[in-house]
Structures are given as C-alpha cells and as structure tokens.
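Peer 1:
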Amino acid sequence: MKARIKFMMDDLGPVEFRKRIEERLGYKLDDFKEYPELKAENDHLGINEQKQDGLVYIGFPVASGRLTGQQMIKLADLAENENGDIRLTRQQNMILANIKKERVDAVLESAETIGIKLERILAGKAIACTGEPFCNFAVAETKGRLLDIIEHLENKFENQADELRINLDGCPHACGHHWIGDIGLMGTTARTEDGEKIPAYDIILRGGRHELAAIGKPVGRRIPADDVKFALERLIRAYQKEKLTEDSSFSFQKFCIKNDDLNLQKIMDGTLIEIL
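Under the working numbering, think of the first position of the sequence shown as 11, with each following residue one higher.
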C-alpha cells in the first residue's frame, strides 16, 4: 500500500516529484506549451454517432460490471443479428458498435429483455474491483455490495444522482480507484458491541480528477456494511440541498471540500438533522 506512487505524488507535490525525476535522469524535462486539460469526460454511455454515416454505437451500463453467462450469449447473438460488434470499456460497461440508426429502438428493446437498461447511468459510472470471493486480498464484498448500494440510491433518487461516480474496493490496493471517485469505498472490518467482527467500509471523500485532481481522504471510518447505503443517501441529500444555493459548477467534490470532516461525519451518521 505505502509503495504506491500515488502516495509519493500526494506527499511531495508535482514540482518536487518532477525535480527528483530530473535528478535521476540527469537532464531537464521539456515543459508543455500549455497546461494539458481533458476537454470532456467520456464514459461512452448512451447513443452516440459514429464517424460512419448512418451508424451509431450504444454504450450500455453494466451494473457492477457483472453479467451472467446467459446474458453474454444473448448479447453476442444480438450483436451478430445486427451485424455489429461488442466492445468493453474501462468503466466495466459494454458498447454495441456499428448499429444502424433505424435499428436503435429494436436494439434497445432487445437489450432490455436481456436485463440491460440504458437509463441506469449511476450504475454505469460506478466501479467495483473483483473482490470477494475471487481475490485473496479482499476483506469485504465488492460486486454484490455495490449493486445493493446502487439499487438503493436509484430507488431514492431515480436519476437525480447520476452525476456521481462511486468506486468500491475490497482492500487498500485500489484496483477500483476508490481514491479518486466522487465517493470512494474501501473494504475493512468493524466490531459489534459484543466484539464480533463484521464487514465494514471506509468512506473516502474529496478525491477527484481534472481541475480539482486529488487523492481522497477517509472521512467515514469502519461503517458497517449494511449501513453504508444509508450514510451515502444522507450525504447525497445534504449535497443536493446545499447545491440549490450555489451556482451550476458546485460539484459533489466541492461540497465535500467545503464541509469539514466533522460535518460530513454528522451528515452520514444522521446527527446533523438540520441540513437534511
């Protein structure tokens, strides 16, 4: 965990990090002519125009990155019947490419019968690592737990929380990038009043990329697994309420930066009643 380069960058900052790289290399690195910025975040979800006339690609959210074998067979049949092809994304979603525009509605209908719905944007943006039971490092469930959290938030907020990216990991190794999600979850353990060990998660906030690139910090510690979705629900409600008094650029990350740890902890455990 401590050997990861992200921690070194976070401790030193980019200027000192570059200085040490240049000392090792023995020469100065060239500067960019201008600061490189990502023009837009692209998760490939939804219906998108291709370069080829008359064709589109459709980015389908795959909740928790998990499909059954039967779903995979049916999706392969669907792609073949449409003379399209299947591609996978780093967000654990799926693209059906080379679809004729006039066939989009039929493809969407077929995909829904397979169990894949285009409107599940929150699920499409969320990522979980492999975790239990397939990873020896994981101390908490990942795929199933993320599904439970997403379904709870979808029921509570419908599509009103679709801007958020939830990254869940079963251990500190961060294969699911919990340090830079809007909400990061890292598997750990807690103990009941009787001393029984139970699965739990740390809630990591203030992480992000692009303009406010930063490694998130653990704010909620050892939240019992069954309580996590309720803590996140309270946090999102507080953000949405505060957003009403801010401008359109007020993001969830900015909300977490604006509020100190104690405030955020009180929101998550339900003791800061007035903000909800």
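Every residue gets a Cβ at the ideal spot worked out from N, C-alpha and C, and that includes glycine.
What you are looking at is a predicted structure, and each value in this text was computed from that prediction instead of being measured.
#1: Ile109: which of Leu22, Gly280, Asn58, Gly36 sits nearest, CA to CA?
#2: Do the segment 114-122 and the segment 136-149 meet, that is, are 3 or more Cβ pairs less than 8 Å apart?
#3: Please name the residue or residues paired with Thr288 in a DSSP beta bridge.
#4: What are the start and end residues of the alpha helix (DSSP H) that includes Gly141?
#5: Helix or strand or just coil, what does DSSP make of Glu206?
#6: Can you tell me the Cα-Cα spacing of Gly230 and Asp40, whole angstroms?
#7: Helix, strand or coil: which one does DSSP assign to Tyr45?
#8: Check each candidate in Pro209, Ile193, Glu203 and name the one with the smallest Cα separation from Ser261.
#9: Grouping DSSP H, G and I as helix and E and B as strand, with all else coil, what is Asn177?
#10: Grouping DSSP H, G and I as helix and E and B as strand, with all else coil, what is Glu92?
#11: Which whole-angstrom value is the C-beta distance of Ile214 and Met196, which I expect to be below 8 Å?
#12: Give the straight-line distance between the Cα atoms of Arg113 and Gln62, rounded to the nearest whole angstrom.
#13: With Ala200 and Arg244 assumed to form a contact (beta carbons below 8 Å), what rounded beta-carbon distance in angstroms separates them?
#14: Using only the alpha-carbon positions, how far apart do Asp237 and Glu173 sit?
#15: Less than 8 Å between the C-beta atoms of Ala150 and Tyr67, yes or no?
#16: In the structure shown, what three-state DSSP assignment does Glu59 receive?
#17: Does DSSP classify Ile285 as helix, strand or coil?
#18: Under three-state DSSP, which class holds Glu267?
#19: How about the segment 19-33 and the segment 73-93: do they share at least three Cβ pairs that are nearer than 8 Å?
#20: Does the distance from the C-beta atom of Gln101 to that of Gly125 stay below 8 Å?
Peer 2: Result, derived from the coordinates:
#1: Here residue 109 refers to the residue found at position 99 of the sequence shown. Ile109 has its Cα closest to that of Asn58, out of Leu22, Gly280, Asn58, Gly36.
#2: no
#3: Nothing in the structure corresponds to residue 288, since the chain is present only between 11 and 286.
#4: Within the sequence shown, residue 141 is the residue found at index 131, counting from 1. Counting along the chain, Gly141 falls outside any alpha helix (DSSP H), and DSSP gives it neither H nor E.
#5: The residue labelled residue 206 in the question sits at position 196 within the sequence shown. Correct three-state label for Glu206: coil.
#6: Along the sequence shown, read from residue 1 onward, the residue named residue 230 stands at position 220. Along the sequence shown, read from residue 1 onward, the residue named residue 40 stands at position 30. Roughly 41 Å between the two C-alpha positions.
#7: Residue 45 sits at position 35 when you count from the first residue of the sequence shown. Tyr45: coil per DSSP, three-state reduction.
#8: In the sequence shown, the residue the question calls residue 261 occupies position 251. The shortest C-alpha separation from Ser261 is found at Ile193.
#9: What you label residue 177 is simply residue 167 of the sequence shown in a count that begins at 1. Correct three-state label for Asn177: strand.
#10: Position 82 of the sequence shown, counting from 1, holds the residue named residue 92. In this structure, Glu92 counts as coil in the three-state DSSP scheme.
#11: Residue mapping note: residue 214 aligns to position 204 of the sequence shown, counting from 1. Residue mapping note: residue 196 aligns to position 186 of the sequence shown, counting from 1. 6 Å between Cβ atoms; contact.
#12: Here residue 113 is taken as the residue at index 103 of the sequence shown, counted from 1. Here residue 62 is taken as the residue at index 52 of the sequence shown, counted from 1. Their backbone Cα atoms lie some 15 Å apart in a straight line.
#13: Against the sequence shown, residue 200 aligns to sequence position 190. Against the sequence shown, residue 244 aligns to sequence position 234. Actually they are not in contact, since the Cβ atoms of Ala200 and Arg244 sit about 19 Å apart, beyond 8 Å.
#14: Position 227 of the sequence shown, counted from the start, is the residue given in the question as residue 237. Position 163 of the sequence shown, counted from the start, is the residue given in the question as residue 173. Distance between the alpha carbons of Asp237 and Glu173: 22 Å.
#15: For the purposes of this step, residue 150 is taken as the residue at position 140 of the sequence shown. For the purposes of this step, residue 67 is taken as the residue at position 57 of the sequence shown. Not in contact: Ala150 and Tyr67 (Cβ atoms no closer than 8 Å).
#16: Within the sequence shown, the letter at position 49 stands for residue 59. The answer is strand: DSSP assigns Glu59 an E or B state.
#17: Walking along the sequence shown from the start, residue 285 turns up at place 275. Bear in mind that the predicted position of Ile285 carries a pLDDT of just 45, short of 50, making it unreliable; the figure below should be weighed with that in mind. Three-state DSSP puts Ile285 in a helix.
#18: On the sequence shown, position 257 is the one that residue 267 refers to. According to the sequence as given, residue 267 is Ile; it is not Glu. It is helical.
#19: no
#20: Mapped onto the sequence shown, residue 101 falls at position 91. Mapped onto the sequence shown, residue 125 falls at position 115. In this structure, Gly125 does not lie closer than 8 Å to Gln101 by Cβ.
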